[in-house]
Amino acid sequence: MPEIDRLPTFDRATLDRYVRAGRPFLVPGYGRDWPARTRWTAEYLAAACGDAPVPVSHYPDGVTLAEKVKMTVRGYLAAIAATPESWRHHYMESVELAELSEALYADVGVPADTDDLPGVSDTVFFGLNTGSCCHIHAHEEAVVFQVLGTKTFTLYPPGDVANLYFEPVTRDYRRSRVSFPGADLAKFPRARRLRPTEVVMAPGDALYLPVHWAHWTAADGFTFTLTRFFAARLRHYRFPTPGLRAVLGGLLAAARR
């Protein structure tokens, strides 16, 4: 299992160097002193932005995304806590922090020297017992800040995409067909060749995730993850795979739109 670099802190120059190298890094405790670390609870967020309407992913069967539905933050918190299993059906993912409340920025210390990165988007992943399928960010770099709760990222370098059985470029080309944990090796035998790196992100940790690094996530309990996405430059794509599939998939998706 390859290790990733662990840094005491990072600045823009450090980030730029790792972007050029296409290598992830972890900064344990980067945001340990952020007010959000102690201030943000379900009750606090309900008070701060409870009436804000936001798009929430709806999974009627607990597995398959059916649609995005508009819910208030307060309504979402009530929905995921209604029964022991109700968290399976709704997940606040890929929501802009500003959609919750601009005031929440006062509680986090997202590095200002990254504000001028291309296509910056501060995106929230906020829920109970959350997780994701295995996928790549086809066109984005990401700096992940774990604010509340502990989340495990399992990472695969771009060379492993060939062994992850991604969907065809005519479909969701960013997503692996292998389900984790417990991959079906009889159905997906090349998955035996994978070289995963497991990164456990504690509250306050920061992780740089380069473009085209496949990953899936898992968490227990209440978690709030803030991810600063920014546009990847074509020269940092990983060719031929998965860079070529990202280019082709993006062109086909744009044509459909």
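In terms of our numbering, the sequence shown opens at residue 67 and continues consecutively. Note that the Cβ used here is the ideal one computed from N, Cα and C, for glycine as well.
In this chain, the beta strand (DSSP E) harbouring V135 covers E133 to T138. Per DSSP, reduced to three states, the secondary structure at P94 is coil, with no helix or strand assignment. Collapsing the DSSP output to three states places D226 in a helix. Using a Cβ distance threshold of 9 Å, V120 and T138 count as a contacting pair. With respect to the 9 Å criterion, T218 and V265 are classified as neighbours on the basis of their beta carbons. Contact between the region 186 to 200 and the region 237 to 250 is present: 3 or more CB-CB pairs across the two stretches fall below 8 Å.
Boundaries of the beta strand (DSSP E) harbouring Y157: H156 to E162, taken from the DSSP string. Pairwise C-beta distances place the region 269 to 281 in contact with the region 80 to 100, as three or more of them are shorter than 8 Å. In this structure, L221 lies away from F288, with their beta-carbon atoms at least 9 Å apart. Taking the CA atoms as reference points, F192 sits about 13 Å from E165. Residue environment analysis places T291 among the buried positions, since at least 16 neighbouring C-beta atoms fall within 10 angstroms of its C-beta.
A direct Cα-Cα distance of roughly 14 Å separates P90 from T293.
Look at H278 here: in three-state DSSP terms it is coil, with no helix or strand label. Closest in C-alpha terms to E207, from the list L214, Y110 and L183, comes L183.
For A312, the enclosing alpha helix (DSSP H) begins and ends at G309 to R322.
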